[in-house]
Structure formats: structure tokens, C-alpha cells
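K.L.:
Heads up, my numbering is the position in the sequence shown plus 8, with the first residue counted as 1.
Where a beta carbon is used, it is the ideal one built from N, C-alpha and C, also for glycine.
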Amino acid sequence: FRVGGRNPNHLLLLPHNSAVISYATIISMGLLGNVILVKVFFKIKSMQTVPNIFITSLAFGDLLLLLTCVPVDAACYIVDTWLFGRIGCKLLSFIQRTSVGVSVFTLTVLSADRYKAIVKPLELHSDAIVKTCCKVACIWIVSMLFATPEAISSDLYTFHLLEKNTTLETCAPYPVSERVLQEAHSLVCFLIFYILPLAIISIYYFLIAKTLYKSTSSMPAEEQAHARKQIESRKRVAKTVLVLVGLFAFCWLPNHILYLYRSFTYHTSINTSAFHLVATIFSRALAFSNSCVNPFALYWLSKSFRQHFKKEISCCKAKMPIRRASLTQTQPPSRAMSVTGSEISVTLLTDYSITKEEESV
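Encoded structure:
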């Protein structure tokens, strides 16, 4: 559940203000990175590969969370009351659970796809793009099905504030008095949206590492040059997926731990201590930050995405009146065109340098 609101104690204003600043940074950075990621995918045909379809789906899920749940969570640290009514409570609970499901289930299926590309490369088919789109649709449907029970049970419930003689009405997935529901809900969420997917991903990556080790040690000398290039390409994509998985695991673990602690400790009230407030802000902000870090991780790991990302930023700057006037005054048109053409040719050469099923993100 969401606990916020201003506290008259000036010592607690700092965490509240820090939360608002952190959330504003997450929203702005997340929108910038994910919008550019989606734009690059739809604009550049060579980037429309199987791994990138999954990653673009991740970006849509992150954008959904950034535009709805993150601003609402920030509002809880500004005002003392829930502003969005019963419908808003149910809808936002549904959106947040759907977005988390899309993230973790996409990473799981993406790991399975990398396992298939590395361990069973001969099973790749020409209709892989269509099948991948169907898988993405199934991921969204399954995520929404898992989110539906929480949307139904979520409502405005009254909680007693510990250490204060007051009550608070806020959005929660269950009444505070339902101890069994609290404990069951936190455990089920932890298992379905964290432990089980990460366990499956770990198995896939163990098999991938085992296969790569065997393939490099038993490779004939005459095949090493070509095969090593293919293996390096596949390893690069697998490494990128593993980094995204690691970021998800790191960002969401504190939130799950805090939720489990609350569910098994506070059955009739809410802890309003400064430490608990800071821990809540930290865990929630870290969890939401997962929705803004993926594009920047790709920028660091993928040369082709980095080139396109820089180009999109340059285009945005060029559209500014001041920038456009500066370019007109300082650069001849012919030279600007030659530089742009050179950048495009290098980018396309990079994108088409490996086979379709092995293209890097």
C-alpha cells in the first residue's frame, strides 16, 4: 500500500522533498530514454530484430508505469489524502502489477530466446518476427490476468497510524485486519514476480554458459574464425539481456523485502517512524528507477543503439530555433550533408554486419 502525506515535523520534510525530487528525475529520465528507444525501433528497420521486439515491449511497460503510477506515488508524499478515488485505486493497482509482470515475464522469455539462439541455432525460423510478436502479446495478456485479482481486491481502506492517535484512508490490496491475506499476498507476489522468473532465467544462463564453454573448447581450427564471430555476437546479446535482468533484480529486491516485512509485522497499524518512511521512499524509488535505466544500459552496451540514440538527441537539438540558426551560420550545407551521410552509412554497416537471428540490440 501507499503511505505518504506531509508530516508537521520539519525533520521529516527532507525525506518527503527528496522523494518528490527523485520521482521527478525518474519520470523525466525514463520518458527521455524509453521514448527514444521506441522511436529508434520503429524508425530504423535494421533494429527490428527479435531481441529488440522484446526490449521495445519492455519500454512500453515502463512508459505505462512512468506516466501513471510514479506520479501518483509521488503525490502521496505531498498531500495527506488519497486523491484518485476507488476507481483510481483499482486502475493504478492493475497498471502497476501489469507493468511489473510485463518486465519480469519479458526478461524470462527473452532469456529463453537467447538460450534457443545459442544452444539450438538450427531451429531458428524465417517467421521468427511474427512468432515473437505473438509471444509479446501473450506476455501482456498473462500479466493483465495476474493483475486482475489485485485490481478487484484493491480499495480504499482505513489504517491506524502507529505512534499517533489518527487514522488514514489509503489505497491497499486488502484490509489491514486481514492478516492471512497480507502474508499470502506478499509471498505470492514475491514468488511469481521475482523468485520463480529469476530462477528460470538462472537455469537458462547456466545452460548458455555451459554451451558456450563447450563450443569454444571443441571447435575445429578451420571453423574457428567464422564460428567465433557468431559466438561473440550471440554472447554480446546474451550479456545485454543478463544486465537487464540484473538491474531488475537489484531494483525490485528492497521493495519486495520491505513489503514482506510489513505484511508479517504490522497487522493492525502502519509504522510512521522516520526510519520506516526513509526505507519506504528508498525502496519505492529504486523499484521505479528500473523503468528508466534500461535505455541507458543499452546505450552503454550496444554500439548500434548508442549511435541511433546520439542521432536522435542531435535531431532534437537541431529542431531548436537557436540551434538551427547556429548551424545555418557556421556550417555549409554540403558539409553537413556529407557528415550525416557518413554517419548513416556507418550505422547501417554495423547493423547488417551479422545475420538476422544474431543481430545485437
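Give the secondary structure of Tyr85 by DSSP, where H, G and I count as helix, E and B as strand, and everything else as coil.
P.N.:
coil
K.L.:
Any idea if Cys259 is buried or exposed, counting beta-carbon neighbours within 10 angstroms, 16 or more meaning buried?
P.N.:
buried
K.L.:
Would you kindly report the start and end of the unbroken beta strand (DSSP E) that includes Phe167?
P.N.:
Phe167 -> beta strand (DSSP E) spans 163–169.
K.L.:
By the three-class DSSP mapping on this structure, what secondary structure does Leu356 have?
P.N.:
Any reading at Leu356 must be qualified, since the residue scores a pLDDT of 27, below 50, and its modelled position is unreliable; no value is offered.
K.L.:
Give me the residue from Gly109, Arg187, Ser312 with the minimum Cα distance to Cys197.
P.N.:
Gly109
K.L.:
What are the residues that DSSP puts in a beta bridge with Leu306?
P.N.:
Paired residue(s): none; Leu306 is not in a bridge.
K.L.:
Could you pull the start and end residues of the alpha helix (DSSP H) that Glu320 belongs to?
P.N.:
311–326
K.L.:
Just list the residues that DSSP pairs Glu177 with in beta bridges.
P.N.:
Thr166
K.L.:
What's the gap between the Cα of Ala257 and the Cα of Ala295?
P.N.:
9 Å
K.L.:
What's the call for Ser210, buried or exposed, on a 16-neighbour Cβ count within 10 Å?
P.N.:
Classification for Ser210: exposed.
K.L.:
So Thr106 is in the alpha helix (DSSP H); what residue range does that whole segment cover?
P.N.:
Counting along the chain, Thr106 sits inside the alpha helix (DSSP H) bounded by residues 93–127.
K.L.:
For the stretch 42–49 against the stretch 303–319, do three or more pairs of beta-carbon atoms, one drawn from each stretch, fall closer than 8 Å, so that the two count as touching?
P.N.:
yes
K.L.:
Helix, strand or coil, according to DSSP, for Val28 in the structure here?
P.N.:
helix
K.L.:
Going straight from the alpha carbon of Cys77 to that of Gln104, what length do you get?
P.N.:
Here the alpha carbon of Cys77 sits roughly 6 Å from the alpha carbon of Gln104.
K.L.:
For Thr273, count neighbouring C-beta atoms within 10 Å of its own C-beta (all shown protein chains included) and say buried if the count is 16 or more, exposed if not.
P.N.:
exposed
K.L.:
Does the structure place the stretch 89–105 close enough to the stretch 151–167 that three or more beta carbon pairs sit under 8 Å?
P.N.:
yes
K.L.:
Does the distance from the C-beta atom of His193 to that of Tyr182 stay below 8 Å?
P.N.:
yes
K.L.:
Using a threshold of 8 Å, state whether the C-beta atoms of Ala136 and Val58 are closer than that.
P.N.:
yes
K.L.:
Going by C-alpha distance, which of Val117, Ser271, Glu158 is nearest Leu66?
P.N.:
Val117
K.L.:
Going by C-alpha distance, which of Ser119, Ala180, Glu186, Gln56 is nearest Val138?
P.N.:
Gln56
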